[in-house]
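*Asks:*
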Amino acid sequence: MPATPHAPYPPLGAHWDGLTVLARGANRLCAADPDDAGHCLKFELAAVERTRAGTRARLRRLLARHLPALGENATELRAWQRLHARIGERLDAWLAPCRGIVDTRWGPALRCALIRDADGRPARSLYAHLFEGSPHTPASLCTAVDAIERELLAHDVPLFDLNAGNFVVTGAGAEPRLVCVDAKSTLSGKEILPFSRWSRRLMHRKIRRRAERLRQRIRAALADAPPPH
Ligand SMILES: Nc1ncnc2c1ncn2[C@@H]1O[C@H](COP(=O)(O)OP(=O)(O)OP(=O)(O)O)[C@@H](O)[C@H]1O
Ligand SMILES: [Mg+2]
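Sequence positions in the sequence shown follow my numbering and run 1111 to 1339.
#1: Helix, strand or coil: which one does DSSP assign to residue 1225?
#2: Are there three or more Cβ pairs, one per stretch, closer than 8 Å when the segment 1192-1201 is compared with the segment 1227-1239?
#3: For residue 1112, which residues of its own chain have a beta-carbon under 6 Å away from its beta-carbon, when the five flanking residues on both sides are left out?
#4: Look at the Cβ atom of residue 1206, then the Cβ atom of residue 1222, and state whether they are nearer than 8 Å.
#5: Does the count of Cβ pairs from the segment 1303-1319 and the segment 1274-1291 closer than 8 Å reach three?
#6: Taking 8 Å as the cut-off, decide whether the C-beta atoms of residue 1139 and residue 1150 are in contact.
#7: Along the beta strand (DSSP E) that carries residue 1331, what are the first and last residues, could you check?
#8: Could you tell me whether the segment 1154-1164 touches the segment 1118-1129, where touching means 3 or more Cβ pairs closer than 8 Å?
#9: Cβ atoms of residue 1137 and residue 1346: under 8 Å apart, would you say?
#10: Roughly how many angstroms lie between the CA atoms of residue 1217 and residue 1175, to the nearest whole one?
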């Protein structure tokens, strides 16, 4: 059994009433767009609704309260716009398109294309597949990671936060596909001196390392799981 992989989330407040919550990350809540079934809305959570974080993340959150441009939504939108300007429509195959920041009665939200699974339901995160059950084999999910790794290397995309919560799983049974739903890490890294952004060789090495780590996590999480039906 894997150790509890995530600290329990603090409860959500009543102010989210009327929204269909699809999932939540450490920093944001993802809800169905009530006006458009093809989109979702991402809201930055208030401090009390977020999971605990390290000093750097806490500092960034504090600054973002006063400077929205530093918030997760503005960062993700900028990251997507930059990649889209460079790579074009091809990007849509593996990174969920962002439309812009919109005002809603729940507050400002980042509007993104909602990725759906092969049955038309909102796609579940890879994290949910690993810890709540998956119809896919570990080998097929690892092959899907290979495909993402190839795209990142081919286009020199410094996407280093290859954690299972940042990908959703779509595609048919034997051939699942991963779509990234969070490209913030291409802009906001954890390194003090970002050598792996300055050197293409170091960037590629880091992408390979992170992709391998994700494949290991997939194998470890699904190793004890009953075989998919
Ligand atoms: N475009 C999308 N289509 C479908 N589901 C999505 C989409 N965007 C986000 N989600 C769901 O919301 C969850 C959280 O998304 P996201 O990674 O953007 O939040 P976050 O707070 O930035 O997470 P963290 O800070 O932990 O990386 C995802 O794991 C996924 O289940
Ligand atoms: Mg995320």
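The beta-carbon is built from N, C-alpha and C at its ideal position, and this holds for glycine as well.
*Replies:* Once the coordinates are examined:
#1: Along the sequence shown, one-based indexing puts residue 1225 at 115. Residue 1225: coil per DSSP, three-state reduction.
#2: no
#3: Here residue 1112 refers to the residue found at position 2 of the sequence shown. With a pLDDT of only 46 at residue 1112, under 50, the local geometry of the prediction cannot be trusted, and the value read off the model is given with reservation. These residues qualify, in order along the chain: 1331.
#4: As a working note, residue 1206 is residue 96 in the sequence shown. As a working note, residue 1222 is residue 112 in the sequence shown. In this structure, residue 1222 lies closer than 8 Å to residue 1206 by Cβ.
#5: no
#6: As a first step, residue 1139 must be located in the sequence shown, where it is residue number 29. As a first step, residue 1150 must be located in the sequence shown, where it is residue number 40. Their beta carbons are not under 8 Å apart, which means residue 1139 does not touch residue 1150 by this criterion.
#7: Within the sequence shown, the letter at position 221 stands for residue 1331. Counting along the chain, residue 1331 falls outside any beta strand (DSSP E), though it belongs to the alpha helix (DSSP H) covering 1310-1333.
#8: yes
#9: Any answer about residue 1346 is impossible in this case: the structure gives the chain only from 1111 up to 1339.
#10: Translated into positions along the sequence shown, residue 1217 becomes position 107. Translated into positions along the sequence shown, residue 1175 becomes position 65. Cα to Cα, residue 1217 sits roughly 13 Å from residue 1175.
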